[in-house]
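Here the structure is laid out as C-alpha cells; the discussion comes afterwards.
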Amino acid sequence: MVKRTELVIDNETLDKSTCHPDFVEGWNNCYEVTLQQAQCDKMFSEKEVCHFERSEKSVFNGCKRFLSRGLLRNDKKNSKSSMIAVKLYLIIFSVSFLIGCANQLPPGGGEVDLIPPEIIFSYPENGTTNFEGDYIEFEFSEYVDKRSFKEAIFISPAIDEQLEINWSGTSVEIGFPNGLKDSLTYVVTIGTDVVDVNNKNRMLNSYSFSFATGDKIDKRSIGGKVYGKDAEGTLIFAYKYADDTTKYLARKPDYLSQTGKDGTYKLNGLAESIYRVFAVNDEFRDLLYQADQDLIGIPGKEISLTNTDSTYSGLNFFMMKVDTVKPRLLGTVMTDSNHLVITLSEECDSASYFANNFQIIDSTLDQVYPIDFSYRNKSKKEEFVLVHKNKLNSENSYFLVAKILQDLEGNIFENESTGFVVSDKPDTTAIKLIKTEPGRNGSTDFKNPEILLFFDEAIANKEIKNAIQFTDTSKNKIGYNLSFIDDATISLKPEMDLKPEKNYQLKVDLNYFSDAAGNKVDSTFVLKFQTITGVEFTGISGKLTTTKNNVVVVLQDSKDAKKFFTA
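When we follow the numbering used here, the leftmost residue of the sequence shown carries the number -4, and every step to the right adds one.
Next comes the structure, spelled out in C-alpha cells:
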C-alpha cells in the first residue's frame, strides 16, 4: 500500500533571517503547494517562504498545510509557538476572506461566454511510474462548477473510499485518504459533464491520463464510436471477462471512459485480459445500468488484449432501449356475436396472437370455450381480433384468458385475463380483400418474390388454392406455395424465380372465401404487376485505405440519425 507522504524540507535550507520567527519551528512538516493556492490564501509571500524550488507549472515547496499537519503535531515543547502561529494564520485568513481573495465569481457583463472549459495542467504527468503520492491535481482554464466536476471524475480501477476534493481557484486537488494500491495502473478520466460557472459550457472532450504505482504502466487500449443522435457523453463500461454467466452490468465497471462530442471514445491503461465492453447512457451517473431508464449498446464479442501494448479499434455501438415491462391485456370489446377486438399494452411476438393461445371462460357456468381464428389489425400493432363460433349467453359473466403473452424483447406474462360484455349482434358483413403487396400495377423483385393478400376478416375456409390462378402474359401457369401469416393474411411464393422486367397476373375467385358466420362475396379480383429490372439494385462500393484493423463502414441517414447501414 502506498502511504500518504509529505515533502520534508530541512531547516538548513530555510533562510531564517527573512522568515517570520513564529514559522521557524515545524518547517520539517512542509510539502508541495501551488503558487496560486499560497498567494490566494495569504499564508506566505514569495519572499517570506524563501528557497522555493519552482517547477514549470509554478509548483514550489511551501508550507500550505504545516499549520494543520506540522505545528499541531509538534511536541509540547513547541506548543506555545504553535499556538501563536495558529492565531496569526486565523487573523490573516479572516482579513483575506473579507477583502475577497476567495471570491470565485466570474466577472459580470461583456460578451456571452461560448468557450468550453479545458484542463491546462494535471499532476502527476501522464505515463508516470512508481507514483508514491496520495493525491492528484487538475487546473482548469476557467472557473468550473464544482458539482459537475464531482459527477464527472472517474478513476479506474475504482477507488472504494470517499475522495477528498479540495478547490483553490481554478485548481482542484483529489486526495486518497488510504493511499493507492501497489503495482497498479490507474486511469483518471474527467468527463464532458464538467461545465463552466459563467455560461454552463460543457467540456468539448473528456480528459484522461494514466499513472502507475509500480515500475510498469499498462498501455493497452480499446477505441471506437457510439452512433446516435445523443451519443455525446455516453459512458463506456469495460469489465474483465470471467464467463458468460456473470452479470457484468449488476456491478460497477473495472474501467471507464466517456464519448466526446462526435461520439468517439478510448479506453486507455488497460491490463492484459479479455474484456466485455458496453456503452451506457447512465442517467443517474451511478455507474450501474438501469434497464428501465438507460440506453445501452451491446457488443457482438469480447475483446482480447493479451499482447504487449496491444490496441483494439473499431468497437462501435448502436444505442437501444431494453424493454423490461411485461405485456398486458388492456381491453376486450365484443363487437358482434363472433368477434372480440383485443388491445395489448405493446406489440407481441407472432405466437402470442395465435387463436389457440386464448380461451373464453364462462364463470357463471364454469365452462371453457375455444377461439377459432385470429388476425392482426393492419394499422395498429397493439390490436388484433379473435373470432369464435360459440353461442354465448348475454346474462352470464365471461373472461378472456391469454395463456402466454411475450413481447418482442422476451418479457412474458402468463395467464392474463380480462372481462368483457357479450354482444348478441349478428355478423352479416361479407369478407373483403382490402390490400395486396405489390399493389395493382406495382412491381416486385424477380428473385424470391412474395405476394401478400390482406383480408378484413378471418378466412374460415382454408381450402382455397383452387381459387387463385398465377400466370404470365402468355397465360403460362406459375407454380406457387400458399401459406397463412394469420387467419386473414395469405402469402404466395412462386416455386421458381420470376423473370426480370416481365408482367404477371394473379386472379382470385372470392366466392371461395367465407368467414366464421358463412358470409362471402361472389366476385373476382385481378392483380397485375411486373418484376423489376436487374439494374434497380442500389449500393455503394469503393476502397478504404487505412492502417487500422477491424474497420466497419457505417452509413448514417442524414435526415434520420437513428437509421444505419453497416458493411
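C-beta: ideal position from N, C-alpha, C; glycine also.
Taking one beta carbon from each stretch, the region 489 to 499 and the region 509 to 520 have fewer than 3 pairs nearer than 8 Å; the two do not touch. A straight-line Cα-Cα distance of about 5 Å links S201 and T187. DSSP places K502 in no alpha helix (DSSP H) but in the uninterrupted beta strand (DSSP E) bounded by 498 to 504. Uninterrupted beta strand (DSSP E) stretches at least 3 residues long and entirely within the region 264 to 327 occur at 268 to 275, 290 to 292, 298 to 300, given in chain order.
Ranked by Cα distance from S305, the first of T319, I217, I485 is I217. Judged by their CB atoms, R280 and Y243 are not nearer to each other than the 9 Å cut-off.
Secondary structure of R215 (DSSP, three-state): strand. DSSP places K242 in the coil class of the three-state scheme, outside both helix and strand. Straight-line spacing of the CA atoms in G414 and I426 works out to 28 Å. CA-to-CA, the gap between P248 and S268 works out to about 14 Å. According to DSSP, residue pairing for T208 in a beta bridge does not occur. Excluding its 5 nearest sequence neighbours in each direction, E168 has C-beta neighbours in its own chain below 7 Å: Y130, E132, N161, listed in chain order.
Following the DSSP letters along the chain, one finds A147 inside the alpha helix (DSSP H) bounded by residues 141 to 147. In this structure I366 is buried. Its beta-carbon is surrounded by 16 or more other beta-carbon atoms within 10 angstroms. Straight-line spacing of the CA atoms in A226 and F313 works out to 9 Å. At least 9 Å separates the beta-carbon of F206 from that of P152. Considering only K195, F408, I454, E458, the residue with the shortest C-alpha distance to T424 is I454.
Around the C-beta of E452, 16 or more other C-beta atoms lie within 10 Å, and the residue is accordingly described as buried.
Annotated as distal: Y370 and Y393, with beta-carbon spacing of 9 Å or more. Membership of V549 in the beta strand (DSSP E) is indicated by the continuous run 549 to 551.
CA-CA distance, T484 to D318, rounds to 29 Å. Straight-line measurement puts the Cα of Y499 at about 10 Å from the Cα of N471.
Per DSSP, reduced to three states, the secondary structure at Y138 is coil, with no helix or strand assignment. If you look at L199, you'll find it isn't in any beta strand (DSSP E); DSSP assigns it neither H nor E. Counting of Cβ neighbours within 10 angstroms places T229 among the buried residues, the total reaching 16 or more. Runs of the alpha helix (DSSP H) spanning 4 or more residues and lying entirely within the region 365 to 418 do not occur at all. Put simply, the backbone Cα of S438 is about 13 Å away from that of L501. A direct Cα-Cα distance of roughly 26 Å separates P111 from E159.
For Q157, no pairing in a beta bridge is given by DSSP. With a cutoff of 9 Å on beta-carbon distance, N276 and L290 are scored as near each other.
Proximity to T330 across G255, Q362, S418 peaks at S418, based on C-alpha coordinates.
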